[in-house]
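For reference, the structure is listed below as structure tokens.
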Amino acid sequence: MMVVEESQSSLVLTKRSITAYVESAGDKLHLANIGQALDSARGGMLLLGRERVASVIAASEKCIQQELLDSQSLPDEKLLETLADALSSVEYYIDSLGKSSSLNDDLLKLSEDSLKSIGYDVVA
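If you want my numbering, it's the 1-based position in the sequence shown plus 63.
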């Protein structure tokens, strides 16, 4: 499924970009393509009728915008770890869309709870 693969690639790019941002002590140039990547992933999920996943991706994008791009300092480690957990859970969920295995809504719940714990509610 091409849409699933593209969405997964977008999430992998996002996680790598955030890692590079942190390792470079906050060089925002590493975050330049995240908005476009997450918009692509969100659009793919909407195309597949996966509104809940799209909402989680939108909340993740809002967090990245406010806490990384708009902030003048690096976010604290807990926020970064929680954001990484949320993105990884979404990535695993999307991976399950491309396989015959059953979907694990617990992964979405984990993403939603992670984002909520750092102040970003998922709005369906």
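Here a beta-carbon is modelled for each residue, glycine too, at the ideal position from N, C-alpha and C. Values in this document were obtained by computation on a predicted structure and should not be read as measured data.
Can you grab the Cα-Cα spacing for the pair Glu130 / Ser73, in whole Å? 19 Å
Any contact between the region 130-142 and the region 103-119? By contact I mean 3 or more CB pairs, one from each, below 8 Å. no
Span of the alpha helix (DSSP H), counted from its first residue to its last, around Glu130: Run containing Glu130: none; DSSP gives neither H nor E here.
Just to check my reading of the structure: Ala149 and Ser103 have Cβ atoms closer than 8 Å, yes? What is that Cβ distance to the nearest angstrom? Between Ser103 and Ala149 the Cβ distance is about 18 Å, and since that is not below 8 Å, they are no contact.
Within the region 87-141, note down every full alpha helix (DSSP H) run reaching 4 residues or more, in order along the chain. 97-110, 114-127
Pair every Cβ in the region 135-143 with every Cβ in the region 80-92, then say whether three or more of these pairs are closer than 8 Å. yes
Go ahead and label Gly182 buried or exposed: buried means 16 or more other beta carbons lie within 10 angstroms of its beta carbon, across all protein chains shown. exposed
Looking at the structure shown, is Lys162 part of a helix, part of a strand, or coil, going by DSSP? coil
Where Ala149 falls: helix, strand or coil (DSSP): helix
Contact set for Asn96: own chain, Cβ-Cβ below 8 Å, skip 5 residues either direction: Leu76, Ser80
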